[in-house]
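Protein chains in written order, with the working numbering: chain F, 1 to 116; chain C, 1 to 117. Backbone N, C-alpha and C fix where the C-beta goes; we use that ideal spot for every residue, glycine too. See below for the structure under consideration.
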């Protein structure tokens, strides 16, 4: 089965600093990888998605993620954090050998705090 | 285009009761998935429906059930509620263009927050 590990349940950065949220997935080919963001009392909003092709994926709100097959990683970055980025971020994977079709496998989430 | 809608947004029930949650997918989306989100267990997959058929089911007891209607709207039901069923229940829809949901983006609704007393 697919699995996702998010390193660091809490990340704190200062406004304007680099944001780096880490995600590793279990090895399977091909993986489809997603980052979602959840604001308080809301559902999940898609930030970006990797399917095939270019390994650097650009998403909304200035976020991007790089797919590294050799490291089975899909880390999320943003060059300059904004107060409005404070939220919980989830990495997810679907597809691939041993996975349940139609299902996303989520990591446990990383709570991002942005200090003024 | 309207997003995924879920009703009700908040619900308070007592142990032993049953509850029905509703989800309306994005227009044209044929697949609906349900997830339970709790602080302790994170996001857990409940089941997924496509064309009124349950295609996949997660590891939940039989008290959790669902269905999908011909207009792709979906409901989930929890019978004999337990305290541990308190959670945010999220519905997601996707287009599913014949690839059985592989790689499809799932779009989430705002969720229904259920509190069981």
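Contacts that residue 22 of chain F makes with chain C (C-beta to C-beta distance below 7 angstroms): Taking the beta carbon of residue 22 of chain F as reference, no residue of chain C falls within 7 angstroms; the closest one sits roughly 16 angstroms away.
So which residues on chain C does residue 109 of chain F lean against when the C-beta distance must stay under 7 angstroms? 42
Taking residue 89 of chain C as the reference, give the member of C/103, C/41 and C/14 with the closest Cα. C/41
Report, in whole angstroms, the separation of the C-beta atoms of residue 118 of chain C and residue 52 of chain C, which I expect to be a contact under 8 angstroms. Residue 118 of chain C is absent from the model: chain C starts at 1 and stops at 117.
Counting only the same chain and skipping the five closest in sequence on each side, list residues whose C-beta sits under 7 angstroms from that of residue 16 of chain C. 80 and 81
Would residue 45 of chain C count as contacting chain F if we go by Cβ distances under 7 angstroms? For residue 45 of chain C, the answer is yes, since a Cβ of chain F falls inside 7 angstroms of its Cβ.
Measuring CB to CB, does residue 49 of chain F end up less than 7 angstroms from residue 34 of chain F? yes
With a threshold of 16 other CB atoms inside 10 Å of the CB of residue 31 of chain C, please say whether the residue is buried or exposed. buried
Ends of the beta strand (DSSP E) at residue 49 of chain F? 44-50
Give me the Cα-Cα distance between residue 159 of chain F and residue 72 of chain F, rounded to the nearest whole angstrom. One cannot answer for residue 159 of chain F here, as it falls past the ends of chain F, which runs 1 to 116.
Using a C-beta to C-beta distance shorter than 7 angstroms, which residues of chain C count as neighbours of residue 59 of chain F? What residue 59 of chain F touches in chain C: nothing, since even the nearest Cβ is about 12 angstroms away.
Say whether chain F places a C-beta atom closer than 7 angstroms to the C-beta of residue 106 of chain C. yes
What is the DSSP secondary structure of residue 79 of chain C, reduced to helix, strand or coil? coil
Where residue 115 of chain C and residue 48 of chain C are concerned, what is the direct C-alpha to C-alpha distance, given to the nearest angstrom? 23 angstroms
By the 9 angstroms beta-carbon criterion, what residues does the segment 26-40 of chain C contribute toward chain F? 31, 33, 35 and 37
Whole-Å CB distance - residue 78 of chain C paired with residue 18 of chain C, under 8 angstroms assumed: Contact between residue 78 of chain C and residue 18 of chain C holds: CB atoms are separated by about 6 angstroms, below the 8 angstroms threshold.
Identify the contact partners of residue 104 of chain F in chain C, using a Cβ-Cβ distance below 7 angstroms as the criterion. 106
Under three-state DSSP, which class holds residue 1 of chain C? Residue state, collapsed to three classes: coil.
Taking residue 109 of chain C as the reference, give the member of C/12, C/11, C/35 and C/14 with the closest Cα. For residue 109 of chain C, the nearest C-alpha among the options comes from C/35.
Which one of F/20, F/52, F/69 and F/4 has the shortest CA to CA distance from residue 86 of chain F? F/20
Do we get a CB-CB distance below 7 angstroms when we pair residue 110 of chain C with the residues of chain F? yes
Three-state secondary structure (DSSP) at residue 56 of chain C? Here residue 56 of chain C sits in strand by DSSP.
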